[in-house]
Amino acid sequence: MANNDVWDAIAAASGTPANSFEFLVDLFRSGSYQRFADVTNVAPAFADKLRARQTYASKGVDKSNKYGSNLVVTFDMEAVRDANGLYQADLQDLLDASKGLNAANRRSMRFYDALGADYAFAGDFSINAVRTNTGWDDAGFYTITATQYAFTGWIANPVLTGNIPLITLVTPPQAVDAATVYIQGSKFTGTTGVTGVKFDGVNATSYVVQNDSLITAVVPVLAPGTRNIVVTSPVGASAAFPWISI
């Protein structure tokens, strides 16, 4: 089988690539789903909820019906610091949630196969974050445990829905105005017009669709900081991809 690990599925820390192992995580905030940065080791665990059936005449054989599942998803997030020593916004949001109680402890997320397989689900989850004791000299990790609060259910894979564009990597991970960046992913064919590539809502100065999986774009004038790149084809808009303007 081909190795289709999704390297740098989101903007990875400098020198330390993130690997999503073909599984992506989106957080619902500001009215839309936005993909998490620096995620790896995503591990969903469904535990069936079973109800025993009537045992009359079963001759000692246990019988049960599945009526639901309890879900726990764990994943690791790389802790990336800025010049002021602060973590990236995605991780900090989960750390804030882990310190909260009741509704403040919950986040809405969806999980799905990055290459389009029919395996995707969403729900509301209670968040726990634990600092791991492993990492590199320039980055550590937190293990996030998302425990089901309300299971929205199995959903259509966002990658498959209408063949919407998917951004998997932008290089360089940070650049100044007027620089050329390389946007990699899939389903870019058909992207046209001045609004086809946006940086935090600002149209790219220019862009060229090289092929279905590569767009070269010139960065518009942006304030420094994390900016979301979105590619829009006639089918729809990609999930926002965090990228850094310097």
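Numbering (the numbering used here), first residue to last: -9 to 236. Beta carbons are placed, not taken as given, at the ideal position from N, Cα and C, and that holds for glycine.
Within 8 Å, strictly: CB atoms of residue i and residue j
i, j, result
"residue 230", "residue 78", "no"
"residue 153", "residue 103", "no"
"residue 184", "residue 233", "no"
"residue 236", "residue 205", "no"
"residue 17", "residue 99", "yes"
"residue 163", "residue 221", "no"
"residue 53", "residue 41", "no"
"residue 26", "residue 59", "no"
"residue 135", "residue 168", "no"
"residue 101", "residue 13", "yes"
"residue 120", "residue 65", "no"
"residue 138", "residue 62", "yes"
"residue 178", "residue 199", "yes"
"residue 180", "residue 224", "yes"
"residue 237", "residue 149", "Because the chain is modelled from -9 through 236, residue 237 falls outside the range shown and cannot be assessed."
"residue 144", "residue 94", "no"
"residue 157", "residue 203", "no"
"residue 142", "residue 131", "no"
"residue 207", "residue 171", "yes"
Backbone secondary structure at residue i - three-state DSSP
i, result
"residue 95", "helix"
"residue 76", "coil"
"residue 59", "strand"
"residue 239", "Residue 239 is absent from the model: the chain starts at -9 and stops at 236."
"residue 153", "helix"
"residue -6", "Per-residue confidence for residue -6 stands at a pLDDT of 42, beneath the threshold of 50, marking its modelled position as unreliable; no derived number is given."
"residue 86", "helix"
"residue 40", "strand"
"residue 81", "helix"
"residue 232", "strand"
"residue 182", "coil"
Counterpart residues of residue i in DSSP-defined beta bridges
i, result
"residue 200", "DSSP, once it has assigned bridges, lists no residue as partnering residue 200."
"residue 188", "193 and 220"
"residue 102", "14 and 110"
"residue 26", "Note: residue 26 sits in no beta bridge, so no partner."
"residue 138", "115"
"residue 133", "66 and 120"
"residue 161", "172"
"residue 208", "170 and 196"
"residue 237", "Coverage of the chain is limited to positions -9 through 236, which leaves residue 237 absent and any answer about it impossible."
Any chain B beta carbon closer than 8 Å to residue i
i, result
"residue 98", "Any reference to chain B falls outside this structure, which holds one protein chain only."
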